[in-house]
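Chemist: One structure coming up, written as structure tokens, with questions to follow.
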Amino acid sequence: MANTAIAAPEHGAWTARLKDVGFWAEWAALVGLIVLVIVFQALNPTFLSAGNIASMLVAAAILIILSVGQTFVIATAGIDLSIASTMTLGAVAFGQVYSMGMGLALSCLAAIVASGLVGVLNGVIVARGKITDFIVTLGTLSAASGLALILSDGKPVTIIDATLLGLSTGGLGIFGWSFVIAAVVAVLAHVLLFHTRFGTHLLATGGAAESATAMGISTQRVKIAVYTISGVLAGLGAILLVARIGAAEPAANTAFLLNSVAAVVLGGVSLFGGRGSIIGPVIGALLLIALVNGLTLLGVSQFYQPLAVGIVVVLAALLTRFQR
Amino acid sequence: MTNTLLECRNVSLSFGNVRALADVSLSLRQGEITALVGDNGAGKSTLVRCVSGIHRPDNGHIIFDGEETDFHSPDEARKAGIETVHQNLALVEDLTVWQNLFLNRELVRGFGPIAFLDRRAMQARAREMVSTLAVNVPAVKSRVRRLSGGQRQAVAICRAAGFSSRLVIMDEPTAALGVQETARVEELILRLRDEGHTVLLISHNFAQVMKLSDHVWVMRAGRCVGGRRTSETSGEEIVSLVTGAVSQ
Chain A
1 MANTAIAAPE HGAWTARLKD VGFWAEWAAL VGLIVLVIVF QALNPTFLSA GNIASMLVAA
61 AILIILSVGQ TFVIATAGID LSIASTMTLG AVAFGQVYSM GMGLALSCLA AIVASGLVGV
121 LNGVIVARGK ITDFIVTLGT LSAASGLALI LSDGKPVTII DATLLGLSTG GLGIFGWSFV
181 IAAVVAVLAH VLLFHTRFGT HLLATGGAAE SATAMGISTQ RVKIAVYTIS GVLAGLGAIL
241 LVARIGAAEP AANTAFLLNS VAAVVLGGVS LFGGRGSIIG PVIGALLLIA LVNGLTLLGV
301 SQFYQPLAVG IVVVLAALLT RFQR
Chain B
1 MTNTLLECRN VSLSFGNVRA LADVSLSLRQ GEITALVGDN GAGKSTLVRC VSGIHRPDNG
61 HIIFDGEETD FHSPDEARKA GIETVHQNLA LVEDLTVWQN LFLNRELVRG FGPIAFLDRR
121 AMQARAREMV STLAVNVPAV KSRVRRLSGG QRQAVAICRA AGFSSRLVIM DEPTAALGVQ
181 ETARVEELIL RLRDEGHTVL LISHNFAQVM KLSDHVWVMR AGRCVGGRRT SETSGEEIVS
241 LVTGAVSQ
């Protein structure tokens with residue numbers, strides 16, 4: 001490390017900051033979001049109408065929640081590939097319990113517990129079995145979606161429930177309830193990550209597991225905890241998903257997996273672990289939703305949307321190389 | 001006669017067929033700098049890892065401050081007052097200086113099970129800890145990634161010296177440093193002793209050992225082959241003990 005001068009560069013002039021690639025890398029998602037909003041608004045004035053903003057925020061809710069879960073895992077240098085199929089399993093568990101006539105509360109509990117258990121399983125295998133996260137969660141990705149198909153016998157369960165309908169359609173002004181829930185999750189996650197001992201230990205585990213162990217931190221417990229958080233949040237996402245589509249489907253939801261990882265990368269969280277934020281991935285999720293929404297408004301064929309998402313994510317990943 | 005702070009009695013440890021430590025017996029006096037020298041693979045680091053709770057010896061006793069210890073984790077050793085500056089420093093590069101200083105010792109404010117980090121108190125305390133350093137002082141809010149080698153070493157030593165530790169173990173603290181930084185870290189080690197800490201210094205640098213230490217223990221092939229008061233020995237004698245040209 002040749003960098004010995006570390007006086008206090010934080011108060012540099014704005015012009016100097018704007019020339020610094022690191023600054024742009026740090027705020028890639030926000031800059032990208034602003035650029036997208038300006039471009040789409042210029043091309044189609046309905047983009048920033050209250051109705052469209054409201055629908056974008058609601059559409060972003062599930063992705064925000066999953067991205068928060070994914071952030072916790074990625075900050076420990078892991079990855080949860082099973083997050084979307086865990087959500088599917090949660091949705092199916094919801095549907096099964098609901099169709100047995102056990103009521104909404106128990107159905108929600110079933111979704112959280114089923115997804116949470118997958119998370120615990122991921123965590124225990126990764127931490128105690130010392131197997132690469134990638135392989136473990138690839139396995140549970142397949143296992144959870146298989147289990148969802150078995151439990152539901154491949155059939156969707158239609159759910160008609162006034163409370164759930166209210167959850168997906170009502171809200172505070174332009175903020176739909178599902179977005180409000182996502183925002184609360186994000187705030188709690190931020191507090192957990194930056195204002196508790198657990199959060200510091202999590203970042204230490206991701207940044208330098210050996211050092212964390214030498215300081216007496218149980219990296220195994222941290223790993224189990226982050227996968228459990230990821231699973232529980234997938235369960236919460238499952239409830240919102242059921243509310244949104246009015247049915248519990250054993251569908252694959254692959255796009256949610258890819259987009260959750262994409263949002264985390266866009267949000268400037270290092271895939272090598274140890275550094276990250278919650279606000280970054282939240283903005284990343286909003287950016288992805290805005291991108292798809294804007295392209296749809298402009299009448300661009302749906303086929304182009306995955307291409308656009310892919311390009312944006314790779315560009316963001318390139319930018320993060322310049323992070324300090 | 002000064003008190004003995006740490007004593008190892010017949011400590012042995014094997015990894016599979018490899019006998020890393022064989023009946024090692026040595027002692028450290030309170031308030032002194034004791035050096036531990038030996039060739040690569042002589043078992044110095046392994047012994048230190050036993051004392052600091054990373055390994056558990058197969059046989060033998062480790063007596064710290066008059067009480068037999070049986071540490072199951074580094075955390076227990078830290079709680080007993082044994083701090084280790086590992087060769088790799090055990091710093092987390094992406095965390096700030098103050099976060100590293102308080103890693104797993106975080107100050108919290110809270111009510112019941114909910115406790116929040118007291119960031120301000122930790123930063124203030126970290127500033128105090130760091131300001132005593134002889135090395136050019138790093139800003140406590142900067143990430144460790146941006147510090148120089150000497151500054152990192154200083155932060156690691158600072159962490160070990162804080163928190164009312166009784167024994168500070170240093171595993172080759174100057175191995176990766178330049179001449180100037182080495183001199184500063186050596187000053188820091190002497191300061192630790194002057195402040196009343198007992199120091200166990202592992203070093204390859206005989207000049208440094210002769211300069212800093214009060215007592216020297218020599219290890220060879222997993223055994224402790226001798227100990228000398230530094231004032232009563234010479235660099236040549238230590239070298240011959242290390243290489244095995246002289247025994248006892």
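Protein chains in written order, with the working numbering: chain A, 1 to 324; chain B, 1 to 248. Think of the CB as a built atom: it goes at the ideal place given N, C-alpha and C, for glycine as much as any other residue. Since we're looking at a predicted model, the values are computed, not measured.
Give the DSSP bridge partners of G38(B), in chain order.
Modeler: The residue you call residue 38(B) lines up with position 38 of the second sequence. According to DSSP, which records beta bridges pairwise, G38(B) is partnered with M219(B).
Chemist: Can you tell me whether H204(B) is helix, strand or coil according to DSSP?
Modeler: Reading the second sequence from its first residue, position 204 is the one you call residue 204(B). Coil, per DSSP.
Chemist: Just how far apart, CA to CA, sit S240(B) and R193(B)?
Modeler: The residue you call residue 240(B) lines up with position 240 of the second sequence. The residue you call residue 193(B) lines up with position 193 of the second sequence. Roughly 28 Å between the two C-alpha positions.
Chemist: Note down the Cα distance separating F23(A) from V31(A), rounded to an integer number of angstroms.
Modeler: Sequence index remark: in the first sequence, residue 23(A) carries index 23 (1-based). Sequence index remark: in the first sequence, residue 31(A) carries index 31 (1-based). Approximately 11 Å, taken between the alpha carbons.
Chemist: On the DSSP letters alone, give me the boundaries of the alpha helix (DSSP H) that M122(B) sits inside.
Modeler: Mapped onto the second sequence, residue 122(B) falls at position 122. First-last of the alpha helix (DSSP H) with M122(B): 119-131.
Chemist: Taking the DSSP output, what are the residues bridged to S226(B)?
Modeler: Locating residue 226(B) in the second sequence gives position 226, counting from the first residue. Note on identity: in this sequence residue 226(B) is Gly, with Ser being the wrong assignment. DSSP, once it has assigned bridges, lists V218(B) as partnering G226(B).
Chemist: Which value, in whole angstroms, describes the spacing of the CA atoms of S115(A) and P156(A)?
Modeler: Numbered from 1 along the first sequence, position 115 holds the residue referred to as residue 115(A). Numbered from 1 along the first sequence, position 156 holds the residue referred to as residue 156(A). Whole-angstrom Cα-Cα distance: 18 Å.
Chemist: Determine the DSSP secondary structure at M215(A), reduced to helix, strand or coil.
Modeler: Here residue 215(A) corresponds to residue number 215 of the first sequence, with the count starting at 1. In the structure shown, M215(A) sits in coil (DSSP, three-state: anything other than H, G, I, E or B).
Chemist: Taking Cβ to Cβ, would you say K223(A) is nearer than 7 Å to V118(A)?
Modeler: Sequence index remark: in the first sequence, residue 223(A) carries index 223 (1-based). Sequence index remark: in the first sequence, residue 118(A) carries index 118 (1-based). Not a contact, by the Cβ cut-off of 7 Å.
Chemist: Could you tell me the boundaries of the alpha helix (DSSP H) in which S194(B) lies?
Modeler: Numbered from 1 along the second sequence, position 194 holds the residue referred to as residue 194(B). The sequence given here has Asp at residue 194(B), not Ser. Run containing D194(B): 179-194, per the alpha helix (DSSP H) assignment.
Chemist: Give the interface partners of E210(A) over in chain B, defined as CB-CB distance under 8 Å, in chain order.
Modeler: Counting from one through the first sequence, the residue named residue 210(A) turns up at place 210. Simply N88, A90.
Chemist: What residue range does the alpha helix (DSSP H) around M56(A) cover?
Modeler: Taking the first residue of the first sequence as 1, we reach residue 56(A) at position 56. Here the alpha helix (DSSP H) through M56(A) covers 50-75.
Chemist: Is there a Cβ of chain B sitting closer than 7 Å to that of G267(A), yes or no?
Modeler: By 1-based counting over the first sequence, the position of residue 267(A) is 267. No, because no Cβ of chain B sits closer than 7 Å to the Cβ of G267(A).
Chemist: Please state whether DSSP places V282(A) in a helix, a strand or coil.
Modeler: Stepping through the first sequence from its first residue, residue 282(A) is reached at position 282. Of the three classes helix, strand and coil, the one that applies to V282(A) here is helix, per DSSP.
Chemist: At a Cβ cut of 7 Å, what residues of the segment 53-86 of chain B count as close to chain A, listed as they run along the chain?
Modeler: Flagged, chain order: S73, P74, D75, R78, H86.
Chemist: Since V85(B) is in the beta strand (DSSP E), which residue starts that stretch and which ends it?
Modeler: Position 85 of the second sequence holds residue 85(B). First-last of the beta strand (DSSP E) with V85(B): 82-85.
Chemist: Could you name the residues of chain B that T216(A) contacts, counting a contact when the two beta carbons are closer than 7 Å?
Modeler: To locate residue 216(A), count along the first sequence from 1; it is residue 216. Checking the sequence, you will find Gly at residue 216(A) rather than Thr. Per Cβ cutoff of 7 Å: S73, P74, D75, R78, N104.
Chemist: Using the three-state DSSP reduction, which class does A247(A) fall into: helix, strand or coil?
Modeler: As a working note, residue 247(A) is residue 247 in the first sequence. A247(A): strand per DSSP, three-state reduction.
Chemist: If you run the structure through DSSP and keep just helix, strand and coil, what is M170(B)?
Modeler: Translated into positions along the second sequence, residue 170(B) becomes position 170. Three-state result, M170(B): strand.
Chemist: Could you say which of F272(A), L318(A), V185(A) lies nearest to E93(B) if we only look at CA atoms?
Modeler: Mapped onto the second sequence, residue 93(B) falls at position 93. Among F272(A), L318(A), V185(A), the Cα nearest to that of E93(B) is on F272(A).
Chemist: Taking R249(B) as part of the beta strand (DSSP E), name the residues at either end of that continuous run.
Modeler: Examination of residue 249(B) is not possible in this model, given that chain B is present from 1 through 248 alone.
Chemist: Helix, strand or coil for S270(A), going by three-state DSSP, please let me know.
Modeler: Start at 1 with the first residue of the first sequence, and residue 270(A) comes out as number 270. Coil.
Chemist: Hey, could you find the ends of the alpha helix (DSSP H) S85(A) is sitting in?
Modeler: As a working mapping, residue 85(A) is identified with position 85 in the first sequence. Segment 83-99, the alpha helix (DSSP H) holding S85(A).
Chemist: Report yes if the CB atom of I83(A) is closer than 7 Å to the CB atom of L109(A), and no otherwise.
Modeler: Taking the first sequence and counting its residues from 1, one reaches residue 83(A) at position 83. Taking the first sequence and counting its residues from 1, one reaches residue 109(A) at position 109. No, Cβ-Cβ distance for I83(A) and L109(A) is not below 7 Å.
Chemist: Assign G170(A) to buried or exposed, taking buried as 16 or more other Cβ atoms, counted over all protein chains shown, within 10 Å of its Cβ.
Modeler: Start at 1 with the first residue of the first sequence, and residue 170(A) comes out as number 170. G170(A) comes out exposed.
Chemist: Between the segment 255-268 of chain A and the segment 177-193 of chain A, do three or more beta carbon pairs fall short of 8 Å?
Modeler: Too few Cβ pairs lie closer than 8 Å, so no.
Chemist: So the candidates are G66(B), R56(B), N40(B); which of them puts its Cα closest to the Cα of N3(B)?
Modeler: Within the second sequence, numbered from 1, the residue matching residue 3(B) stands at position 3. Of the listed residues, the one whose Cα sits closest to N3(B) is G66(B).
Chemist: Starting from H61(B), follow its DSSP beta bridges and name the residues at the other end.
Modeler: Numbered from 1 along the second sequence, position 61 holds the residue referred to as residue 61(B). Per DSSP, R9(B).
Chemist: Which runs of the alpha helix (DSSP H) spanning at least 4 residues fall entirely within the segment 152-233 of chain A, listed in chain order?
Modeler: Those alpha helix (DSSP H) runs which fall completely within the segment 152-233 of chain A and span 4+ residues are 162-169, 177-195, 197-207, 209-214.
Chemist: Which residues, taken in chain order from the segment 268-283 of chain A, show a beta carbon closer than 7 Å to some beta carbon of chain B?
Modeler: Those residues of the segment 268-283 of chain A that come within reach of chain B (Cβ to Cβ, closer than 7 Å) are G274, R275.
Chemist: Residue range of the beta strand (DSSP E) that S25(B) falls in?
Modeler: Here residue 25(B) refers to the residue found at position 25 when the second sequence is read from its first residue. Start and end: 18-29.
Chemist: Measuring CB to CB, does A42(B) end up less than 7 Å from V209(B)?
Modeler: As a working note, residue 42(B) is residue 42 in the second sequence. As a working note, residue 209(B) is residue 209 in the second sequence. The answer is no: Cβ separation not under 7 Å.
Chemist: So, at 7 Å on beta carbons, what are the nonlocal neighbours of L36(A) in its own chain, with the 5 sequence-adjacent residues on each side left out?
Modeler: One-based indexing of the first sequence puts residue 36(A) at position 36. Only L287, A290, L291, G294 meet the Cβ criterion.
Chemist: Which same chain residues end up closer than 7 Å to T163(A) when comparing Cβ atoms and leaving out the 5 residues on each side of it in sequence?
Modeler: As a first step, residue 163(A) must be located in the first sequence, where it is residue number 163. If we look at T163(A) and ignore the five residues flanking it on each side, its Cβ neighbours are L104.
Chemist: With a cut-off of 7 Å, does the C-beta of D94(B) fall near any C-beta of chain A?
Modeler: Here the question's residue 94(B) lines up with position 94 in the second sequence. Judged by the 7 Å Cβ criterion, D94(B) is in contact with chain A.
Chemist: Determine the DSSP secondary structure at M1(B), reduced to helix, strand or coil.
Modeler: Against the second sequence, residue 1(B) aligns to sequence position 1. Reliability of the predicted coordinates at M1(B) is poor, the pLDDT of 46 falling under 50, and the value obtained from them is presented with this limitation in mind. In this structure, M1(B) counts as coil in the three-state DSSP scheme.
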